[in-house]
Amino acid sequence: MHLVVAMQAEALPLIAHYGLEEEDRRSMFPVYRSETVRLVISGVGKSMAAAATGYLHALAGSPQHMPWINAGIAGHGDLTIGKLVQACRISDRASGRNWYPPQVVNAGLERTPVMTVDHPERAYTEALAYDMEAAGFYPAACRCSTAELVQSLKVISDNPEVSVETLNPNRVEQLLGDRIREIAGFTRELQALAKIAAAMEVTPNAFEQLHKRWHFTVTQQHRLRRLLQRWSTLITDERELEASLIQCRDATGMLNALERHLDAYPVRFPLSKSGFSQKSSLDACKNA
Amino acid sequence: MINTIYIEDEVSNHPRVVEMTQRFPSAARVPCERYTAVFNLKGQNFRLQKHNPSLMLARKFDNFMLATPQGYGIGGLHNYYFSHMLNCIYDCRYCFLQGMYRSAHYVVFVNYEDFFGAMDEKLVLHPQENVWFFSGYDCDSLALEPVTGFTALLFPFLESRPRAMMELRTKSTHIQPLLGRDSLPNVIVAFSFTPAEISSQFEHKVPSVAKRVDAMAKLAAGGWQLGLRFDPLIYEEDFESHYQKLFRQIFERVDSCAVHSVTIGPFRMPRGFFRNMVRLYPEEALLAGTFRNRDGVVSYNADREAAMLNFCIRQLKEYVAPEIIYSCAPHSRPNLAGDSSDGLSVAI
C-alpha cells in the first residue's frame, strides 16, 4: 500500500496506525514505511503530489498492482466537518481536466467530486470537495497501477461555516486521526482487490526453473508462461508433467511436448483439481 | 446494487435519467462530459470493476442499427443489431464483452426514440419484407429491464410495425413485463443456455437452467414465441451427455410448438478479445482448454467443432423441425452436411 499525503500533520495518524518508520531523512521527500505500507509526504500542491508519487514508485522498485491512496483534508461546499469522503471525480480547476477513479471499493463512504485548486478555497461555490493535491496525485499514480487501485480519500476540514483559517497542525492531525479506522477499512478492501490484480500476473513457479534450463526467445517465453498457466489449471497428476517433459532436448521440443499433452488432456466440467508440485516434476525433467 | 451513477451532462435533465436515478437514491451522481471519458480509458481492469460496476447514463449519437455479422440470423434476409445498453449484470466467463471493453460499467443510452427511428429507417430501406432486429448483442435484453424500462416503449412501437421482427436475447428470468401484457407475434424471446454443469461453473450470477426453463414455460403459456440459443457450445469430455440432458430438460417443460428458432454456435472469439480474457483470467479452466487460432478467430479445431455442431443438430432434430435450427458459424459450415454455405445464416 502506498500512501501520499501533503503534510506531516496528515501523516502522523497514518504513521502511528500502521507503525511506520522513517526510511531515509536525506531523501527528496520524507518517506515512512513498514513491511507492507509506504507513505510519502509530498508537501502542498498538485505538482508536489505528482512528484512525490513518482518518487515513491521508483523508490519502491516500480511495483505493479500497488494500491495507492491520497489521504488528506479538504474543504467542502456543504458537507459537515470531520466527514470522510471518497473522490468519485477529480478535477483540476486550472486546466479544466477531469479524472474518474473507478468506484469499485464499497466501504460505505460518501462519494463526492473533488476539485483541486492552486490556492485554498474560501468561497466554496459548489457542493464538492476542494483540495490541493488530488489532480497531481491521480494521473501520476495511474501510471503506476491500474485505475481501480488509485483512490483519494479526504476528511472535510472546512466549509462555509468553518473557515480554512481555523486549521492548524493539531486540528489537521485530529481530523485524520478521528477517521483512521474508516481509512484503514477502505485500504483493506483496496488491498484485497490488489491481490486479485496481482494474481493475474503471477508467473507459474515452474517458469523460472525451465527458463534457466533452456534458452527461450521472447515469443517462446510468452508461450511457456501460458502453457504452464494452463497446466496448473487443468492437470491434477504431477507425474503427467514429468512424463511429458522427459524426452525434451530443447525449448521448442519442450513447448511442443507440453502443448501436445495439454491438448490431449481430457477436460471435464465442473473441474476438480488437487494441485501438483511443479518442483518435483522439473527435477525429473532435469534428470532426463 | 448501484453505488455510483455517471451522468452525461447532455442528458442530466432527461426524464428517463431522472427516473432511473430515483431508483438509486443513495448512489453518488457523478456528472461527466461524455461516458467515453470514463468507459474507454486505458489502464482500467474489467475484472476488478466487475466486483462493483457503476451505471452510466448517456446519449448515443449514431450507428443505432448495425448490420449483424455474417451468419448471424434466424431466417431473415436483412438483419440488424442494436445496443441500447453496453455490458451485462451477469458474469459469464466465455462472454466476449470482457475481452472487448476496458470497463465493466453498465452503459444505458437513454435516447430510446433514436433507436426506434433508426428501425423505421431500416423498414423503409427494405420495403415489403420482414426486417430482423437483434437486441442483447452487447448486453442482456431483459436483465436490467427494471432500471431501463426499455420494453415498455419498445412493445407499443412494435405493435404498429408488424414487419419489424425483434429478438430479445436473455438469460434473465425477469419476465413480468412480458407476462403482464398480450404477446406480440413479431417478438422472439430467446434464452441462452449451456448445460447446468457448465453454467454453474462459468455463468456467474445467472439464474439456474431450471429457472430459465421455468420462465420459458410461462412465456410459452402466455403466447410468446421463444428462441433457444446454444451459443457458445462449450466443449468438455462429457459434452454429449450434458447437452443431451440440457435439451431433454428444456423440452420436457417447453412445448416445441412455442419455439420459433434454435441457434447453435461454437465457441469463437476474435484473437485480441481472447487474449484480453486470458490476461484477466489466466487461471480460468474454460480458457485453459484446447483452442486454435483460425484466421484470427480463436475456436476449437475444425473437427471438434463440426462434431459438436453435428451432435447438437442431431439431438435437436428429435425435438424441433430442422427448418428452425440455425448455425451461427460460417467457417464451420463446409463441415456440416446439407449446408449451402452461401454466407447467409441457414436452417440446417
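Going down the list, the sequences are from chains B and A.
Under the working numbering, the residues of the first sequence are numbered -3 to 284, in order.
Under the working numbering, the residues of the second sequence are numbered 255 to 602, in order.
Just so you know, even glycine gets a beta-carbon here, dropped at the ideal spot from N, CA and C.
Given residue i as reference, the closest of the options once Cα atoms are compared
{"i": "A/E287", "options": "B/A131, B/R85, B/Q147 and B/Q205", "result": "B/R85"}
{"i": "A/Y289", "options": "A/E262, A/S308 and A/K296", "result": "A/E262"}
{"i": "B/V160", "options": "B/A125, B/I11 and B/R175", "result": "B/A125"}
{"i": "A/K499", "options": "A/N299, A/M354 and A/T448", "result": "A/T448"}
{"i": "A/H338", "options": "A/P439, A/D394, A/A475 and A/G543", "result": "A/D394"}
{"i": "A/S495", "options": "A/P269, A/L295, A/M562 and A/N306", "result": "A/M562"}
{"i": "B/A239", "options": "B/R222, B/L258, B/S148 and B/T248", "result": "B/L258"}
{"i": "A/E538", "options": "B/V110, B/T229 and B/G132", "result": "B/T229"}
{"i": "B/N102", "options": "B/L55, B/D246 and B/A188", "result": "B/A188"}
{"i": "A/S553", "options": "A/P576, A/F521 and A/M531", "result": "A/F521"}
{"i": "B/S87", "options": "B/A48, B/A56, B/P135 and B/A47", "result": "B/P135"}
{"i": "A/V284", "options": "B/G92, B/P109 and B/V27", "result": "B/P109"}
Same chain only: Cβ atoms within 6 angstroms of residue i, ignoring 5 sequence neighbours per side
{"i": "B/C281", "result": "Reliability fails at B/C281, whose pLDDT of 38 lies under 50, so the model's placement of it is uncertain and no value is given."}
{"i": "A/F278", "result": "I256"}
{"i": "A/A397", "result": "I343 and S426"}
{"i": "A/A444", "result": "E421, R423, G481 and R483"}
Beta-carbon proximity list for residue i, same chain, < 7 angstroms, skipping 5 on both sides
{"i": "A/F318", "result": "F336, D368, F369 and A372"}
{"i": "B/E169", "result": "A5, L8 and P9"}
{"i": "B/H13", "result": "I176 and A180"}
{"i": "B/A193", "result": "H61, T142 and L145"}
{"i": "A/A469", "result": "T427 and I429"}
{"i": "B/G68", "result": "V1, A2, E6, D127, E129 and K150"}
{"i": "B/L251", "result": "Q216, R219, L220 and L223"}
{"i": "B/A90", "result": "D114"}
{"i": "A/C566", "result": "F484, L487, Y497 and I518"}
Helix, strand or coil at residue i [DSSP, three-state]
{"i": "B/R29", "result": "strand"}
{"i": "A/V460", "result": "coil"}
{"i": "A/F387", "result": "strand"}
{"i": "A/R301", "result": "helix"}
{"i": "B/Q82", "result": "strand"}
{"i": "A/V443", "result": "strand"}
{"i": "B/E288", "result": "Outside the displayed range of chain B (-3 to 284) lies residue 288 of chain B, so it cannot be described from this structure."}
{"i": "A/V574", "result": "coil"}
{"i": "A/R483", "result": "strand"}
{"i": "A/C349", "result": "coil"}
{"i": "B/W227", "result": "helix"}
{"i": "B/A103", "result": "coil"}
{"i": "B/S(-2)", "result": "According to the sequence displayed, residue -2 of chain B carries His and not Ser. Strand."}
{"i": "A/Q430", "result": "helix"}
{"i": "A/L311", "result": "strand"}
{"i": "B/T248", "result": "helix"}
{"i": "A/T448", "result": "coil"}
{"i": "B/A284", "result": "Reliability of the predicted coordinates at B/A284 is poor, the pLDDT of 32 falling under 50, and the value obtained from them is presented with this limitation in mind. Correct three-state label for B/A284: coil."}
{"i": "A/H514", "result": "strand"}
Under 8 angstroms by beta carbon: chain B residues contacting residue i
{"i": "A/V284", "result": "C84, R85, Y96, R107 and P109"}
{"i": "A/N257", "result": "Q99, N102 and R107"}
{"i": "A/R533", "result": "M196"}
{"i": "A/I343", "result": "In chain order: nothing, as chain B lies at least about 16 angstroms away."}
The ligand HEM heavy atom lying under 6 angstroms from the CB of residue i
{"i": "A/S495", "result": "This structure simply doesn't include the ligand HEM, nor any ligand for that matter."}
Contact set between residue i and chain B, taken where Cβ atoms lie within less than 7 angstroms
{"i": "A/T290", "result": "Here the premise fails: no neighbours, minimum Cβ distance about 11 angstroms."}
{"i": "A/P536", "result": "M196 and Q225"}
{"i": "A/G543", "result": "V263"}
Closer than 7 angstroms at the beta carbon, the chain A residues around residue i
{"i": "B/C138", "result": "G297"}
{"i": "B/L35", "result": "Chain A residues near B/L35: none, gap ~23 angstroms exceeds 7 angstroms."}
{"i": "B/A202", "result": "By Cβ distance, chain A contributes nothing, its closest Cβ being about 14 angstroms from B/A202, past 7 angstroms."}
{"i": "B/D259", "result": "T544"}
{"i": "B/P156", "result": "Chain A residues near B/P156: none, gap ~21 angstroms exceeds 7 angstroms."}
Neighbourhood of residue i by C-beta distance below 8 angstroms, restricted to the same chain and skipping five residues each side
{"i": "A/V235", "result": "Residue 235 of chain A is absent from the model: chain A starts at 255 and stops at 602."}
{"i": "A/H458", "result": "Y344, D345, C346 and R347"}
{"i": "A/D436", "result": "G477"}
{"i": "B/S30", "result": "Y14, G15, L16 and E17"}
{"i": "A/N267", "result": "none"}
{"i": "A/C582", "result": "G325, Y326, D485, T517, I518, G519 and S599"}
8 angstroms Cβ cut-off: residues of chain A touching residue i
{"i": "B/T142", "result": "G297, Q298, N299 and L302"}
{"i": "B/L285", "result": "Any question about residue 285 of chain B goes unanswered here, given that chain B covers just -3 to 284."}
{"i": "B/P63", "result": "The premise fails here: B/P63 is roughly 11 angstroms from chain A at the closest Cβ pair, so nothing lies under 8 angstroms."}
{"i": "B/G267", "result": "Strictly speaking, residue 267 of chain B in this sequence is Leu, with Gly absent from that position. Those are Q455 and A539, listed as they occur along chain A."}
Minimum Cβ-Cβ distance from residue i to chain D less than 7 angstroms
{"i": "B/T112", "result": "Protein chains B and A are contained in the structure displayed, whereas chain D is not."}
*Closer than 8 angstroms, Cβ to any Cβ of chain B: which residues of the segment 557 to 582 of chain A, in chain order?*
none
*Near-chain A residues of the segment 1 to 35 of chain B (beta-carbon distance less than 7 angstroms), N- to C-terminal order*: none
*Residues in the segment 437 to 464 of chain A with C-beta within 8 angstroms of chain B's C-beta atoms, listed in sequence order?*
E451, I452, S454, Q455 and F456
*Compile a chain-ordered list of the residues in the segment 484 to 505 of chain A whose CB is closer than 9 angstroms to at least one CB of chain B.*
I488, Y489, E490, E491, D492 and H496
_Please list, in chain order, the residues of the segment 306 to 324 of chain A that have any C-beta partner in chain B closer than 7 angstroms._
N306 and S308
*asked:* Closer than 8 angstroms between beta carbons: that is the criterion. Which residues of the segment 165 to 194 of chain B meet it against chain A?
replied: L189, I192 and A193
*Using a beta-carbon distance cut-off of less than 8 angstroms, what residues from the segment 206 to 231 of chain B approach chain A?*
R222, Q225, R226, S228, T229 and L230
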